[in-house]
Each structure stands twice: as C-alpha cells, then as structure tokens.
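J.: Sharing a structure here in structure tokens format.
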Amino acid sequence: LSHVYEMHLNFENEFYKCLHMTETIVEFEECWQFLVDRYGLRENHWIQSIYEMRHQWVPAYFRNSFFAEMAGSQWNESVQAIFHECINSDTTFLEFIKQQGRAMEGQYRKEMHADFETSQSPQILKTSWPLEKQAAELYTRTIFGRFQEELLDSFGYMTDELENDGISVIYRVVKFGEEKRACTVKMDISTMRVSCSCQMFEFSGILCRHVLIVFVQRSIIILPPQYILKRFTRSARSGAAADECHTDSRGDFQESTSLRYNNLFRRVVKCAEDGGASADTHQMVLQALEKACSEIARIKENAAIERSRSARQENNSEIEVDNLMNQLTSHDTRQAKPQRKLRHCNICKANNHDKRNCPALRATSAIGCLIPP
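Right under this line is the structure:
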C-alpha cells in the first residue's frame, strides 16, 4: 500500500480509525467498504487477504474478550518497542538473555516511577460528581485519566429510555448531533449490573461513556464494586496481590539489584501511606525504620569485616603456596644435579682414584729414584 500512502495523505489516519475506532462489527464493515471503494482497493490482493482474516485481528470482532484496551497488534508493537533498542539482527542468544533482563529492569523502574507518581501526586478533578472523586481515590494515575476522559465525554450524550419492566431498564444512548450512531445500555436495577453494546468494559475493563451517562441520569453517585478491577487500583500490589505478583520474581532477587530496590520501594511507600494515618502508627513506623537501619548498618559492617578477613586469608594462602612452590623447586634442583662418576684405577685396580694419582705408582716412582742406573 505504499503507493496509496504516497498519493493520499489522509489514508493512514482513516485506515487507523477504521480498525481501532469502530466499536461494532457493523461499523467496521461499513467503514471498510467505504475505504475500499474510496481508494480503489477492490482488486488489491493484500487488502483482500487481510479482509478474509478480519475476525482474527480486527478489534471489533473480539471486543467481548478482555485485552486491557490493547489489541493483539498493539500488544506486539508494545513488545517491539521495549526490545527495539536492546537487540538487533546480529544479537546472539546469550546477549539476548542479558539484554532481556536489562529491558525488564527498565520496565520495573518505569512501573516504580508510575507508582510513586500515583501515590504522591493528587488527581485533578474536573467535575463535582462524587463518582469521579471515588475513581480518583481508587484508580492509578493512568487508569483514572482514561476513566475521567470517558466521564467528561459522557456529558455530550443523551439517553432515551426504551423499556422498563421494574426489573431491568434499557436505554438508547446517542451523541448530540450523531443520532444515527446509537448504543444500547441495559441495566439490572436490583444488582446494578449493566451492559453496553459497545462492550468497552469487557474489552478494556473501564466503564464506557454510555454507561456513565446512564449513571448520571439515574443519580448513581458511586461506582458498583464489580466494575472496579483490582488490577487497575492503587492497592493492586498490596496484600495477597503483591505476594502473588512477586512469587515468580523471588528467585531473581538474588541476581538483580533493581528488582530488590523496586520491591523494597513499594513496601516502604505502602508503610509511609498507612503509617501517616495517625501519630501512633507514624511513631511505630519510625521506630521500625530506625531498627531496620541499625540492623542494615550492622550487617554491612560484618560483611566488610568478613571481606577483610577473607582477603587476608587469601593473601596468606598465596604466600604459603609461593613458599611451598619455592621449596619444591629448590628440592627438585638439588635432585637434578648429576652424580660424579666413580673413579677406577687401571694400575692397582682400586676405586676412588685413577692412574694419575695411584699410590702404587708413586711408590714405584720413589724407589726408581733411589736405584742407580
């Protein structure tokens, strides 16, 4: 489609909207057919092939499945973005393992920073509706931003009650000026369970603007608990959730300084949040921290002493090894000296001398000197 992108600058934006901004299958089909006709792509083989597999990749076909508002293609793009700067076509498998660990540590640091921002930065409310205040207290910073966006957009919609049998009520929800594009919201009055034809909650875990405007119309000022996913809340990592989250990472704590730091950071922030609730808990947390700091200092001091002792022992061991090697070398040198050849006299046939200094020869010579010629 490169030629289409070059000839039509708006094609990329319209193509994206067709895939990711359509909420129902009918909307997608209508938008797809419009694009195909507008840009003359009926005979394009690639367009035909991906259209035949549309139920496998177009978000509108699986909006009833939970993806945390991220479709398969977006998930792949997110993963690629994480590893794009870490690996390339020349990266070996061993290098990939190391780079993957660094990439995950980077993600942990980003998550830690996001947790800190959520705990320290107050959410900015844009309405006086209690429902928004409740969401600001429960949701993380990112999720609250998405929820707030849906809440503000809901005020641009109007509702029309279609059915009400006393048990459930059905609404038709449309945007002002776009009456043809309507969603249907059904609510069970007793259980406060709602469903919308756009299936945004099923897909993303966040209530859509159509449901929120129905809540506003019915003066529902508190979010029903079944529509607050714990994974999106500030307390998602507290209690059992935190233990479960870190069960698979405990083995990595022995290897990764970042993992240990992030784990402690979350727990300390949680202690600070809970400990600041009263003077008693504040004092208790301070005492616990002072005790922990003293214990950490003691462990570090003992570790330093142990390292010094180990260094001395290692140095002494090296000296002993050197001395032993010198002794062995000296002993081997002495043993390696050749033994002197045993001397043997050819005149008297005795050992330990030769004919040059034979006693018998000297005696004979002396006698010869005394005999006259």
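So for the sequence shown, our numbering puts the first residue at 582; every next one is plus one.
C-beta: ideal position from N, C-alpha, C; glycine also.
1. When DSSP labels each residue in this structure, what does R762 get in the three-state scheme?
2. Nearest chain D C-beta to V617 closer than 8 Å, yes or no?
3. Within its chain, find whatever has a CB closer than 7 Å to the CB of L743; leave out the 5 residues flanking it on each side and keep chain order.
4. In chain order, what residues of the same chain have a beta carbon less than 7 Å from the beta carbon of N933, not counting five sequence neighbours either side?
5. Considering only residues of the same chain and omitting the five flanking positions on each side of I802, which have a CB-CB separation below 6 Å?
6. Exposed or buried, what is C777 when buried is set at 16 or more other beta-carbons lying within 10 Å of its beta-carbon?
7. Per DSSP, what kind of secondary structure is W785 in: helix, strand or coil?
8. Among R774, E876 and I787, which one has its Cα closest to the Cα of T723?
9. Would you list the residues sitting across from R753 in a DSSP beta bridge?
10. Identify the continuous beta strand (DSSP E) that holds S776 and give its terminal residues.
11. Whole angstroms are fine: how far does the CA of D746 sit from the CA of K761?
12. Please name the residue, chosen from K691, F782, E887 and A858, that lies closest to Q807 on a Cα-to-Cα basis.
13. Quick one: Cα of G621 to Cα of F643, how far?
14. Could you please give me the residues that DSSP links to Y720 through a beta bridge?
15. Would you check if the distance between the CB atom of M693 and the CB atom of F813 is smaller than 8 Å?
16. Nearest to F596 by CA position, among E718, L732, I628 and T605, is which residue?
17. Cβ of L804 within 8 Å of Cβ of A869?
18. Can you give me the Cβ contacts of G726 inside the same chain, cut-off strictly under 8 Å, excluding the 5 residues immediately before and after it?
19. Excluding the 5 residues flanking T699 on each side, which residues of the same chain have their C-beta closer than 7 Å to its C-beta?
20. Just curious, the alpha helix (DSSP H) that E604 is in, first and last residue?
21. Exposed or buried, which one is Q614 when buried takes at least 16 other CB atoms within 10 Å?
22. Apply the 10 Å Cβ neighbour rule to V795 and answer buried if 16 or more other Cβ atoms are within range, or exposed otherwise.
23. Going by beta carbon distance, what residues of the same chain come within less than 7 Å of C789, once the five residues before and after it are set aside?
24. Quick check on this structure: which residue in N669, F674, Q729 and Q864 has the alpha carbon closest to the alpha carbon of Q704?
25. The alpha helix (DSSP H) with M588 in it runs from where to where?
26. Quick check on DSSP: helix, strand or coil for N883?
27. Take A917 and list the residues in its own chain whose beta-carbon comes closer than 6 Å to its own, dropping the five residues that flank it on each side.
28. Between which residues of its own chain and H791 is the CB-CB distance below 7 Å, once the five residues before and five after are set aside?
29. Does H863 come out as helix, strand or coil in the three-state DSSP assignment?
30. By Cβ distance below 8 Å, which residues in the same chain neighbour K748 in space, the five residues on each side in sequence not counted?
31. What did DSSP end up calling N938 once you bin it into helix, strand or coil?
32. According to the neighbour-count rule (16 or more other Cβ atoms, all chains shown, within 10 Å of its Cβ), is E882 buried or exposed?
T.: In brief:
1. As a first step, residue 762 is located in the sequence shown; it is residue number 181 there, counting from the start. In the structure shown, R762 sits in a strand (DSSP, three-state: E or B).
2. In the structure shown, chain D cannot be found, because there is only a single protein chain.
3. As a first step, residue 743 is located in the sequence shown; it is residue number 162 there, counting from the start. So the qualifying residues of the chain are I751, Y752 and R753.
4. Mapped onto the sequence shown, residue 933 falls at position 352. Correct list, in chain order: R924.
5. Within the sequence shown, numbered from 1, the residue matching residue 802 stands at position 221. P711 and L712, listed in sequence order.
6. In the sequence shown, the residue the question calls residue 777 occupies position 196. When all chains shown are included, C777 counts as buried.
7. The residue given as residue 785 occupies position 204 in the sequence shown. According to the sequence shown, residue 785 is Ser rather than Trp. S785 falls in the helix class under three-state DSSP.
8. As a working note, residue 723 is residue 142 in the sequence shown. Here the closest residue by C-alpha is I787.
9. In the sequence shown, the residue the question calls residue 753 occupies position 172. According to DSSP, which records beta bridges pairwise, R753 is partnered with D741 and T765.
10. Mapped onto the sequence shown, residue 776 falls at position 195. Element bounds for S776: R774 to C777.
11. Residue numbering aside, residue 761 sits at position 180 when the sequence shown is read from its first letter. Residue numbering aside, residue 746 sits at position 165 when the sequence shown is read from its first letter. Cα to Cα, K761 sits roughly 26 Å from D746.
12. Stepping through the sequence shown from its first residue, residue 807 is reached at position 226. Out of K691, F782, E887 and A858, the CA that lies nearest to the CA of Q807 is found in F782.
13. Residue 621 sits at position 40 when you count from the first residue of the sequence shown. Residue 643 sits at position 62 when you count from the first residue of the sequence shown. Here the alpha carbon of G621 sits roughly 28 Å from the alpha carbon of F643.
14. By one-based count along the sequence shown, residue 720 stands at place 139. T814.
15. The residue labelled residue 693 in the question sits at position 112 within the sequence shown. The residue labelled residue 813 in the question sits at position 232 within the sequence shown. Not in contact: M693 and F813 (Cβ atoms no closer than 8 Å).
16. Here residue 596 is taken as the residue at index 15 of the sequence shown, counted from 1. That would be I628, whose Cα lies nearest to the Cα of F596.
17. The count along the sequence shown starts at 1 and reaches residue 804 at position 223. The count along the sequence shown starts at 1 and reaches residue 869 at position 288. Cβ distance not < 8 Å, so L804 and A869 don't count as in contact.
18. For the purposes of this step, residue 726 is taken as residue 145 along the sequence shown, with counting starting at 1. Counting only Cβ-Cβ distances below 8 Å, and skipping sequence neighbours, we find nothing.
19. Start at 1 with the first residue of the sequence shown, and residue 699 comes out as number 118. Within the same chain, Cβ atoms closer than 7 Å to the Cβ of T699 are found at T721, R722 and R815, the five residues on either side in sequence being excluded.
20. The residue given as residue 604 occupies position 23 in the sequence shown. For E604, there is no enclosing alpha helix (DSSP H), as DSSP marks it with neither H nor E.
21. For the purposes of this step, residue 614 is taken as the residue at position 33 of the sequence shown. That one is exposed.
22. Taking the sequence shown and counting its residues from 1, the one referred to as residue 795 is at position 214. Its Cβ being crowded by 16 or more others within 10 Å, V795 is buried.
23. Position 208 of the sequence shown, counted from the first residue, corresponds to residue 789. Excluding its 5 nearest sequence neighbours in each direction, C789 has C-beta neighbours in its own chain below 7 Å: E731, C777, C779, M781 and F782, listed in chain order.
24. In the sequence shown, the residue the question calls residue 704 occupies position 123. Nearest option by C-alpha distance: Q729.
25. Counting from one through the sequence shown, the residue named residue 588 turns up at place 7. Run containing M588: S583 to M588, per the alpha helix (DSSP H) assignment.
26. Numbered from its first residue, the sequence shown carries residue 883 at position 302. Helix at N883.
27. Start at 1 with the first residue of the sequence shown, and residue 917 comes out as number 336. Any reading at A917 must be qualified, since the residue scores a pLDDT of 49, below 50, and its modelled position is unreliable; no value is offered.
28. As a working note, residue 791 is residue 210 in the sequence shown. Only Y738, V754, C764, V766, C777 and C779 meet the Cβ criterion.
29. The sequence position of residue 863 within the sequence shown is 282, counting from 1. Helix.
30. If you number the sequence shown from 1, residue 748 lands on position 167. Checking the sequence, you will find Ile at residue 748 rather than Lys. The residues are D769, I770 and S771.
31. Your numbering for residue 938 matches position 357 in the sequence shown. Note: N938 maps to helix in three-state DSSP.
32. One-based indexing of the sequence shown puts residue 882 at position 301. If you draw a 10 Å sphere on the C-beta of E882, you find fewer than 16 other C-beta atoms in it, and that means exposed.
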